[in-house]
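Working notes, beginning with the structure itself.
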RNA sequence: GCCAGCGUAGCACAGAGGUAGUGCAAUCGAUUCGUAAUCGAUAGGUCACGGGUUCGAAUCCCGUCGCUGGCUCCA
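In my numbering, the protein residues as written are 1382 to 2027.
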């Protein structure tokens, strides 16, 4: 535990002490330090609200001022259990009620582990420590919010009240922290998205379904352009698939019923014609089954079928046709099955591999309402998806190429703070959580690890987190307000192609099942753009900026306006997103507005510029950078856009 | 989905039982200006929605929807 964590952990004890002074009946569960502070979970009939904070903080101040020593006491398990039963853990003094959660926690401490208590003043808690020496060491603290949390994080357990707070060595550090939080809030993509008119939500459309305004659509189109160029150069082929598919496909893929809850409920269609067909098929099925029974019992052949397998095949075919009747269509929650179908649409040869099918696919996932979060967690998303079908021999190289593509993108966007999380299988759970292909697991994981090590990327390996069909790499980033998100993913799949019966004809004329790499380096437009808004604080580089150039005149003399219009037309002819501000505001007002709207480049044109055939250049956030000949300025802008520079 | 808080004009906010207010943005007019706000006028609201209490509800109560902070979840 770091020094600051220790301090915050101690503050959690002080919080518990204060709460007990006000509500002696409070029952405490766990109170650890967390990333920017600490919390304590408690059960209390009174619902604590932010209005109570002042009162609680008042009591906490008294504890800090009293400067009690944190005293460490080692006890045996029996002693700890006894104290919990007597209600003396996470408590001020003896009380009738046992310390319920502490009792449970004590009983779950593994044998042989040292059990310690910590005392500050008349408060005693079960705690492994460490703590600061005295409560007075807590220089500054503040309760921040109250939330609820399931005991031990398990949905089946009761919900407790969780009080969050933060603490620092001194007030200066705490003030700096809250200032930083304010700064982060200014970057919040939800706020900037509204202010910059990038996207919006509408109650009639539905929660988690973002609508992209023209300026946001620009970001989407630019990212797609980048992806298409990059993927074209890397040998990908673009495909397009529908947004819906029949239930049968998701049964085959294995996504149903496991993921049905995360999918929008199906659309059910059963038209007259289909009803008739259902009756016909049902009759036929009965007939074939009867014939099969007769065949089994007597060996007599009543139809064209004359082998048991033929009967079974026929029955299976009818059942399948029936299953597709009265069609249930699902909105796709992932693109892979559709792409698998495209792989399967043509006979494939080893000569075609690796086959890389790419699409910005629209997916729909019915995320829990409480999970929705701006653009970062939505219900409709446009995914930078592609599936690479390859042989085992090709896998290492393909996976590495994908990885390099990630790094290329990160470089373009200047993304430095990220973490690659390599999720692997758990040998204990083969055949249950993970497909039972031990050799392939070990082999592909070794290949992935090798790629990661060779590229020198910082990564952590997380066992037991892989997809059921193979190991994966998730790229984690953090939003302005500190939430962690997977921004991109790269997964190996050696199971689903088999379920789809995907095969290619190999050199030796045998049919083989390809490996599949699922990859989405730019994740979804929604999350990626949400992240970029915060990453750039809305100040997009020129090539991405929704409004790249704004031309504004000083005054509205006819010759000036003509000149400005010519510059404007020239830029637009080169597909530069340039706008013209011919309003009657003073130049200061025009600049103010353009700065607030985060227009990347401002071309100020006054009489001096007109006479010199120049334009005065101003860059958002950087101020006036001086005049330049008009041709030079235009050429610079075009070059910067082409090279995707700032 | 669960717990809690919040929904007032496009945006940021005020009003806390007696019939709706400010700033910015918008619209119209005047202003002609060299790098972050020229002046004036006008318009804009079923106070999220539905029900209840009351002589009277934006305000109090209940329900629904949405948002926010957490928890759970995240192929």
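Backbone N, C-alpha and C define an ideal beta-carbon position, used for all residues, glycine too.
Could you check how far apart the C-beta atoms of residue i and residue j are, in whole angstroms? I think they sit under 8 angstroms.
i	j	result
residue 1570	residue 1868	About 13 angstroms separates the two Cβ atoms, so there is no contact after all.
residue 1738	residue 1723	6 angstroms
residue 1866	residue 1908	6 angstroms
residue 1507	residue 1471	7 angstroms
residue 1545	residue 1538	Not really, about 19 angstroms apart at Cβ, beyond 8 angstroms.
residue 1861	residue 1568	4 angstroms
residue 1386	residue 1414	4 angstroms
residue 1583	residue 1592	6 angstroms
residue 1745	residue 1713	7 angstroms
residue 1620	residue 1740	5 angstroms
residue 1991	residue 1944	5 angstroms
residue 1941	residue 1988	7 angstroms
residue 1863	residue 1416	7 angstroms
residue 1788	residue 1588	Their Cβ separation, rounded to whole angstroms, is 35 angstroms, which puts residue 1788 and residue 1588 out of contact at 8 angstroms.
Enumerate in chain order the residues of its own chain whose CB-to-CB distance from residue i is below 6 angstroms, with the five nearest sequence positions on each side excluded.
i	result
residue 1742	1716, 1764, 1766
residue 1959	1930, 1949, 1952, 1953
residue 1855	1802, 1867, 1870
residue 1783	1871, 1900
residue 1526	1545
residue 1969	none
residue 1720	1738, 1768
residue 1512	1391, 1451, 1499
residue 1781	1832
Do residue i and residue j have their CB atoms nearer than 7 angstroms?
i	j	result
residue 1601	residue 1710	no
residue 1497	residue 1450	no
residue 2014	residue 1997	no
residue 1891	residue 1847	no
residue 1852	residue 1829	yes
residue 1911	residue 1800	no
residue 1923	residue 2022	yes
residue 1961	residue 1932	yes
residue 1395	residue 1516	yes
residue 1550	residue 1510	no
residue 1542	residue 1706	no
residue 1769	residue 1718	no
residue 1397	residue 1440	no
residue 1761	residue 1524	no
residue 1731	residue 1874	no
residue 1419	residue 1392	yes
residue 1729	residue 1850	no
residue 1925	residue 1603	yes
residue 1807	residue 1845	yes
residue 1476	residue 1468	yes
residue 1999	residue 2005	yes
residue 1529	residue 1627	no
For residue i, I'd like the list of residues in its chain whose CB is within less than 7 angstroms of its CB, leaving aside the five on either flank, ordered along the chain.
i	result
residue 1979	1577, 1919, 1920, 2001
residue 1880	1633, 1634, 1635
residue 1461	1487, 1496, 1507
residue 1842	1803, 1805
residue 1404	1425, 1427
residue 1657	none
residue 1616	1737
Among residues of its own chain, excluding the 5 on either side of residue i, which ones have a beta-carbon nearer than 8 angstroms to its beta-carbon?
i	result
residue 1332	For residue 1332 there is no data in the structure shown, the boundaries of the chain being 1382 and 2027.
residue 1596	1577, 1578, 1579, 1927, 1928
residue 1456	1464, 1496, 1497, 1498
residue 1965	1937
residue 2027	1922, 1923, 2021
Uninterrupted beta strand (DSSP E) stretches inside the region 1499–1528 (no shorter than 3 residues)
1504–1507
At which residue ranges does the region 1755–1808 contain complete alpha helix (DSSP H) runs of 4 or more residues, listed in the order of the chain?
1773–1794
With a floor of 4 residues, list each alpha helix (DSSP H) that falls wholly inside the region 1551–1632, ordered by position along the chain.
Listed in chain order, they are 1552–1568, 1570–1576, 1595–1614.
I'd like the ranges of any beta strand (DSSP E) spanning at least 3 consecutive residues and lying wholly in the region 1390–1452.
As far as the region 1390–1452 is concerned, its whole beta strand (DSSP E) runs of at least 3 residues are 1418–1424.
Give a yes or no on contact between the region 1899–1914 and the region 1750–1765, applying the rule of three or more CB pairs nearer than 8 angstroms.
yes
Taking one C-beta from the region 1777–1794 and one from the region 1807–1818 each time, how about it: are there three or more such pairs within less than 8 angstroms?
Remark: fewer than three beta-carbon pairs, one from each stretch, lie closer than 8 angstroms, so the region 1777–1794 and the region 1807–1818 are not flagged as touching.
Say whether the region 1475–1490 touches the region 1393–1410, bearing in mind that this needs 3 or more beta-carbon pairs closer than 8 angstroms, one atom from each stretch.
By the Cβ test, the region 1475–1490 is in contact with the region 1393–1410, since at least three Cβ pairs between them sit closer than 8 angstroms.
At 3 residues or longer, and completely inside the region 1955–2023: list those beta strand (DSSP E) runs for me, N to C.
Taking only runs of at least 3 residues, the beta strand (DSSP E) segments lying wholly in the region 1955–2023 are 1959–1962, 1982–1986, 1995–2000, 2004–2010.
Which complete alpha helix (DSSP H) runs does the region 1695–1756 hold, if anything under 4 residues is left out?
1717–1725
Would you be able to state if there are at least three C-beta pairs under 8 angstroms between the region 1605–1618 and the region 1666–1675?
no
Every unbroken beta strand (DSSP E) inside the region 1861–1934 [3 residues or more]
Listed in chain order, the beta strand (DSSP E) elements of length 3 or more contained wholly in the region 1861–1934 are 1865–1874, 1896–1901, 1930–1934.
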